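This report concerns only the one structure given below.
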Amino acid sequence: MPHTTPIGPVDATTVPRFAGPATFARLPRIDEVDRADVAVLGVPFDSGVSYRPGA
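Residue numbers (this note's numbering): 7 to 61.
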């Protein structure tokens with residue numbers, strides 16, 4: 007069955023990077039995960055600094 011949503015980061019020319027919810031690797035947000043093979047939860051990120059992920 008083909009995917010109904012594109013796989014990969016959102017195009018920055020279509021949706022600016024500062025708009026929308028912050029997601030892991032700027033991938034599209036998926037609310038229904040019944041067909042997911044892998045889930046990433048609790049990825050640390052410090053939004054108080056620029057480009058320095060971690061706790």
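Glycine included, each C-beta is placed from N, C-alpha and C at the ideal position.
Computed from a prediction, not measured in an experiment: that's the story for all the values here.
Taken through DSSP and simplified to helix, strand or coil, residue 32 comes out as helix.
Within the model, the alpha-carbon separation for residue 17 versus residue 37 is close to 20 Å. Ranked by how close their Cα comes to the Cα of residue 48, the residues 29, 24, 54 have 29 in first place. A direct Cα-to-Cα measurement between residue 45 and residue 35 gives close to 12 Å.
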